[in-house]
Amino acid sequence: MPTILREDTGGQVLLTVLLVVTVLVPILNLAVPDGHPLHLSTYTVTLLGKYLTYALLAVAVDLVWGYLGILSLGHAAFFALGGYAMGMYLMRQIGERGVYGDPVLPDFMVFLNWKELPWFWWGFDQFWFAMLMALLVPGLLAFVFGWLAFRSRVTGVYLSIITQALTYALMLSFFRNEMGFGGNNGLTDFKELLGFNLQTDSVRIGLFVASALALAAGYLACRVIVTSRLGRVAVAIRDAEGRTRFIGYRVEHIKLAIFTFSAVLAGIAGALYVPQVGIINPGEFSPLNSIEVVIWVAVGGRATLYGAVAGALMVNYGKTYLTGAMPEAWLFALGGLFVLVTLFLPRGVAGLLAKRRAA
Amino acid sequence: MGGQVERWQYLNPGKTFAETLNISHQTLLYVEGVSVTFDGFRALNDLSFYVDTGELRCVIGPNGAGKTTMMDVITGKTRPDKGMVYFGQTIDLLQLDEPAVARVGIGRKFQKPTVFEYHSVLENLELAMAGDKGVFASLFARLTASQRDRIDEVLGIIGLTDLVGREAGALSHGQKQWLEIGMLLMQDPLLLLVDEPVAGMTHQEMERTAELLKSLAGRHTVVVVEHDMDFVRSIANKVTVLHQGSVLAEGRMDEVQADPRVIEVYLGG
Numbered sequence: 598m599p600t601i602l603r604e605d606t607g608g609q610v611l612l613t614v615l616l617v618v619t620v621l622v623p624i625l626n627l628a629v630p631d632g633h634p635l636h637l638s639t640y641t642v643t644l645l646g647k648y649l650t651y652a653l654l655a656v657a658v659d660l661v662w663g664y665l666g667i668l669s670l671g672h673a674a675f676f677a678l679g680g681y682a683m684g685m686y687l688m689r690q691i692g693e694r695g696v697y698g699d700p701v702l703p704d705f706m707v708f709l710n711w712k713e714l715p716w717f718w719w720g721f722d723q724f725w726f727a728m729l730m731a732l733l734v735p736g737l738l739a740f741v742f743g744w745l746a747f748r749s750r751v752t753g754v755y756l757s758i759i760t761q762a763l764t765y766a767l768m769l770s771f772f773r774n775e776m777g778f779g780g781n782n783g784l785t786d787f788k789e790l791l792g793f794n795l796q797t798d799s800v801r802i803g804l805f806v807a808s809a810l811a812l813a814a815g816y817l818a819c820r821v822i823v824t825s826r827l828g829r830v831a832v833a834i835r836d837a838e839g840r841t842r843f844i845g846y847r848v849e850h851i852k853l854a855i856f857t858f859s860a861v862l863a864g865i866a867g868a869l870y871v872p873q874v875g876i877i878n879p880g881e882f883s884p885l886n887s888i889e890v891v892i893w894v895a896v897g898g899r900a901t902l903y904g905a906v907a908g909a910l911m912v913n914y915g916k917t918y919l920t921g922a923m924p925e926a927w928l929f930a931l932g933g934l935f936v937l938v939t940l941f942l943p944r945g946v947a948g949l950l951a952k953r954r955a956a
Numbered sequence: 269m270g271g272q273v274e275r276w277q278y279l280n281p282g283k284t285f286a287e288t289l290n291i292s293h294q295t296l297l298y299v300e301g302v303s304v305t306f307d308g309f310r311a312l313n314d315l316s317f318y319v320d321t322g323e324l325r326c327v328i329g330p331n332g333a334g335k336t337t338m339m340d341v342i343t344g345k346t347r348p349d350k351g352m353v354y355f356g357q358t359i360d361l362l363q364l365d366e367p368a369v370a371r372v373g374i375g376r377k378f379q380k381p382t383v384f385e386y387h388s389v390l391e392n393l394e395l396a397m398a399g400d401k402g403v404f405a406s407l408f409a410r411l412t413a414s415q416r417d418r419i420d421e422v423l424g425i426i427g428l429t430d431l432v433g434r435e436a437g438a439l440s441h442g443q444k445q446w447l448e449i450g451m452l453l454m455q456d457p458l459l460l461l462v463d464e465p466v467a468g469m470t471h472q473e474m475e476r477t478a479e480l481l482k483s484l485a486g487r488h489t490v491v492v493v494e495h496d497m498d499f500v501r502s503i504a505n506k507v508t509v510l511h512q513g514s515v516l517a518e519g520r521m522d523e524v525q526a527d528p529r530v531i532e533v534y535l536g537g
């Protein structure tokens with residue numbers, strides 16, 4: 598057992614389960630014939646893949662909230678920016694198959710009567726460039742935002758509010774057609790990824806497996822951080838920021854590094870999310886989305902990482918079920934869940950398990 | 269220009285702060301003419317005082333005399349309106365922020381014991397340990413055998429060897445105070461600023477703390493801010509009395525206690 602997973606029973610279980618589903622899901626979908634009770638529909642595979650990208654986003658939030666004490670209410674912004682980078686690549690792949698058949702311009706630009714591709718769309722026909730941007734753009738935004746906020750020693754609820762303002766401002770700007778990201782409708786009607794048809798079962802399976810691997814890798818990377826001395830410094834900052842400064846740590850630098858890394862993880866999650874759901878629009882920047890992520894982490898139990906994954910999966914399964922069965926009840930259920938967890942399960946489901954193990 | 273070069277010399281990677289530090293005049297800390305005003309309230313009023321190398325100095329004074337503000341100024345937390353603060357003859361402390369002050373060799377213990385509650389005693393000491401405290405250095409840091417030995421040595425000094433794995437939040441009040449002193453020692457500072465180390469301690473704990481601080485003087489320079497006069501009497505050679513933001517009296521404990529101005533301030537005249 599590698600050092601980073603020692604004493605992390607939750608993580609060991611999580612990675613084992615991920616490994617099992619990565620092997621099992623493709624078999625159940627591709628090898629088991631349609632109509633067999635064990636057959637897994639492609640719809641379910643895609644749904645699971647979407648949950649896994651949410652789980653990666655939750656891990657990113659837990660890293661900064663649980664371990665560093667930064668309650669980010671704007672992490673969905675980094676997720677959405679990663680998603681837009683992937684969406685832009687997928688738009689460029691449509692080429693002449695769009696409604697207007699323009700070889701270069703996406704449909705919405707033709708519709709807006711634009712004559713040429715704006716400069717910030719250059720290079721997005723290259724997969725590697727788009728993926729680089731899916732990492733760089735969220736990372737850079739987090740870096741600049743964090744540099745300004747942490748240097749001015751903005752902490753606590755004030756920091757949470759400006760992260761919320763950040764995602765709200767992005768939402769409003771992406772709604773504008775002039776921004777050049779498809780406005781209200783966003784980017785959709787994708788055809789191909791790396792030349793493979795997005796509608797085929799095998800590509801759906803591929804995206805699911807990629808999401809599982811990304812979650813596993815992201816989880817391990819976060820474990821490397823939280824088990825290192827850097828992780829212990831982060832917790833020290835969370836618990837006594839002033840003290841950490843007086844023993845010689847540059848608190849702003851450490852916050853900035855971890856916050857930026859977390860934003861990059863969120864960007865990766867967003868880039869994997871978009872081809873699976875087939876659309877990215879400014880609604881992803883909605884402040885409510887970021888708050889929902891915080892609820893997943895709270896339900897799962899913060900500062901555990903695996904709890905964030907469990908919380909994301911449980912709450913989203915509940916959301917899928919409830920929005921199907923009783924659509925109007927979902928928001929009440931979500932609000933109620935948050936209240937109940939805050940009152941009775943301050944350490945989330947992970948805390949409940951730890952208590953049971955100790956007893 | 270010469271002044272500029274000297275000011276930033278501690279940043280020169282080839283030199284440690286100890287080599288940069290110039291204490292040829294035996295004086296480690298210079299505080300001269302420092303004034304601090306908060307919303308019209310003069311917390312420090314033209315305060316001047318000097319601490320010699322290896323000294324154990326006690327600073328006493330009634331509430332609001334400016335004791336904690338003085339520590340805030342020295343450690344870079346508060347910027348004074350005027351005055352100068354030098355560490356040795358070359359390092360201008362007013363140019364440095366908190367982490368930089370810590371890195372030139374000044375450690376501070378707070379009035380309220382502040383240890384990292386969710387970390388073990390060992391981890392608390394490890395975090396405080398002198399060394400590269402950058403992001404990447406921290407990510408890849410491993411405890412070496414000699415660092416582990418140093419931690420064990422400090423654990424012995426502060427008497428927490430048996431509690432090394434205990435979460436700091438679960439320690440008693442006195443143990444937290446000692447752990448915080450241990451964290452100071454791990455920083456290997458030249459100057460220790462200790463704010464009310466025996467507040468809330470039992471009598472035995474107080475005696476042990478007195479022993480501990482006395483044993484540190486000499487190798488380190490120690491400045492203790494304290495209310496408890498018995499405690500001050502048991503450790504101090506030289507006492508500085510602050511009143512309304514400036515020095516009222518300075519000297520041996522018995523001299524200071526006989527000073528009519530000090531009696532007036534303390535007993536309300």
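So the sequence lines, in the order shown, correspond to chains A and B. If you're matching positions, the first sequence starts at 598 in this note's numbering and goes up one per residue. If you're matching positions, the second sequence starts at 269 in this note's numbering and goes up one per residue. Cβ coordinates follow ideal geometry from the N, Cα and C atoms, glycine included.
Handout entry: Secondary structure of Gly671(A), DSSP reduced to three states
Key = coil
Problem - Members of the region 447-464 of chain B near chain A, C-beta cut-off 9 angstroms - result: Glu448, Met451, Leu452, Met454 and Gln455
Exercise for the section: To the nearest angstrom, report how far apart Gly815(A) and Ala674(A) are at their CA atoms. Expected result: 18 angstroms
Exercise for the section: Using a Cβ-Cβ cut-off of 7 angstroms, state whether Val832(A) counts as contacting chain B. Expected result: yes
Problem - Proximity winner among Leu407(B), Ser292(B), Glu518(B) and Leu447(B), relative to Arg376(B) (alpha-carbon distances) - result: Leu447(B)
Exercise for the section: Have a look at Arg694(A) and Pro700(A) and give me their C-alpha separation to the nearest angstrom. Expected result: 8 angstroms
Practice task
Taking Ile892(A) as the reference, give the member of Leu934(A), Ile667(A), Leu862(A) and Arg750(A) with the closest Cα.
Solution key: Leu934(A)
Exercise for the section: Just list the alpha helix (DSSP H) runs in the region 763-832 of chain A, keeping only unbroken ones of 4 residues or longer that don't cross its boundaries, in chain order. Expected result: 798-824
Exercise for the section: Could you tell me the distance, in whole angstroms, from the CA atom of Asp836(A) to the CA atom of Leu784(A)? Expected result: 42 angstroms
Handout entry: Val617(A) versus Ala818(A): straight-line alpha-carbon distance, rounded
Key = 20 angstroms
Handout entry: For Ile877(A), three-class secondary structure by DSSP
Key = strand
Exercise for the section: Leaving out five residues on either side along the sequence, give the residues of the same chain with a beta carbon under 6 angstroms from the beta carbon of Leu484(B). Expected result: Val490
Exercise for the section: Measure the Cβ-Cβ separation of Gly829(A) and Leu395(B) and say whether it is below 7 angstroms. Expected result: Note on identity: in this sequence residue 829(A) is Arg, with Gly being the wrong assignment. Yes, Cβ-Cβ distance for Arg829(A) and Leu395(B) is below 7 angstroms.
Problem - Paired residues, beta bridge with His488(B) - DSSP - result: Ala485(B)
Problem - Rounded straight-line distance, which links the Cα of Thr641(A) to that of Val661(A) - result: 31 angstroms
Handout entry: Test: Phe843(A) CB closer than 7 angstroms to a CB of chain B
Key = yes
Practice task
Within the region 284-361 of chain B, note down every full alpha helix (DSSP H) run reaching 4 residues or more, in order along the chain.
Solution key: 285-288 and 335-342
Exercise for the section: Using only the heavy atoms of the ligand GDP, determine whether one of them is closer than 6 angstroms to the beta carbon of Leu654(A). Expected result: This structure lacks the ligand GDP; in fact it carries no ligand of any kind.
Problem - Residue interval of the alpha helix (DSSP H) (run including Ser887(A)) - result: Pro884 to Gly897
Handout entry: DSSP state of Thr470(B) mapped onto helix, strand, coil
Key = coil
Practice task
Anything in chain B within Cβ reach of Tyr846(A), meaning under 7 angstroms, just list it in chain order.
Solution key: Pro367 and Lys401
Handout entry: Partner residues on chain A for Leu407(B), Cβ-Cβ distance less than 9 angstroms
Key = Val821, Ile822, Ser825, Arg826, Leu827, Gly828 and Ala854
Practice task
Kindly indicate which three-state DSSP category Leu511(B) falls into: helix, strand or coil?
Solution key: It is worth fixing the name first, because residue 511(B) is His in this sequence and not Leu. Strand.
Handout entry: C-beta neighbour in chain B for Asp605(A), strict 7 angstroms
Key = no
Exercise for the section: Buried or exposed for Ile968(A), please, with buried defined as at least 16 other CB atoms from any protein chain shown within 10 angstroms of its CB. Expected result: Examination of residue 968(A) is not possible in this model, given that chain A is present from 598 through 956 alone.
Handout entry: is_contact[Lys283(B), chain A] using C-beta, thresh 7 angstroms
Key = Any reading at Lys283(B) is ruled out, since the residue's pLDDT is 48, under 50, leaving its predicted position unreliable.
Exercise for the section: From the DSSP output, read off the bridge partner residues of Ala517(B). Expected result: Val509(B)
Practice task
On the DSSP bridge assignment, give the partners of Leu461(B) in chain order.
Solution key: Arg376(B) and Val491(B)
Problem - Short Cβ contact (7 angstroms threshold) for Gly908(A) with Val894(A) - result: yes
Practice task
Check each residue of the region 492-521 of chain B: if its Cβ is closer than 7 angstroms to any Cβ of chain A, include it; give the result in chain order.
Solution key: none
Practice task
Below 8 angstroms CB to CB, which residues in the same chain sit around Gly301(B) once its five sequence neighbours on both sides are set aside?
Solution key: Asp314, Leu315, Ser316, Lys350, Gly351 and Met352
Handout entry: Own chain residues within Cβ distance below 8 angstroms of Arg520(B), not counting five before or after
Key = Asn505, Lys506 and Val507
Exercise for the section: Using 10 angstroms around the beta-carbon of Gly344(B), count the other beta-carbons present and answer buried if the total reaches 16, otherwise exposed. Expected result: buried
Handout entry: Within chain A, the residues that Arg416(B) reaches when beta carbons sit closer than 9 angstroms
Key = Chain A residues near Arg416(B): none, gap ~14 angstroms exceeds 9 angstroms.
Practice task
Taking only the alpha-carbon atoms, compute the straight-line gap between Pro457(B) and Thr412(B) and give it to the nearest angstrom.
Solution key: 20 angstroms
Practice task
Indicate whether at least one CB of chain B lies closer than 7 angstroms to the CB of Ile851(A).
Solution key: yes
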